[in-house]
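If you use the numbering used here, the sequence shown corresponds to residues 3 to 61, in order. Positions of the beta carbon are idealized from the N, C-alpha and C atoms, including for glycine. Input: a single structure, listed below in structure tokens.
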Amino acid sequence: MKHSIKEKNGTIFPVEIRGFIFEEEEVKYSLAFVNNISSQKLKENEVKEHHEKYCNSKK
């Protein structure tokens, strides 16, 4: 699941959240991973911009 998080200083950045629930010896546990995906989003936007420029130059 992709979401955004706001830091104390007001900066908002994109994150990917993955959660798991598992049981061990009749005890249930939940585990969550939150990954900052800012650099991934920047790269995706760069690729999109390059693609759009390339497609527009072919017209």
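Distance between residue j and residue i (C-alpha atoms, nearest Å)
{"i": "E27", "j": "K55", "result": "57 Å"}
{"i": "K10", "j": "R20", "result": "22 Å"}
{"i": "S59", "j": "H5", "result": "34 Å"}
{"i": "V49", "j": "C57", "result": "12 Å"}
{"i": "E25", "j": "L33", "result": "11 Å"}
Opposing strand residues paired with residue i [DSSP bridges]
{"i": "G21", "result": "A34"}
From the options, residue whose alpha carbon lies closest to that of residue i
{"i": "Y31", "options": "I39, F22, K45 and N37", "result": "F22"}
{"i": "S40", "options": "M3, N47 and P16", "result": "P16"}
{"i": "T13", "options": "N38, K45, E25 and N47", "result": "N38"}
{"i": "E18", "options": "K8, V29, F35 and E25", "result": "F35"}
Proximity test, Cβ basis, 8 Å: residue i and chain D
{"i": "I19", "result": "The structure shown contains no chain D; it holds only a single protein chain."}
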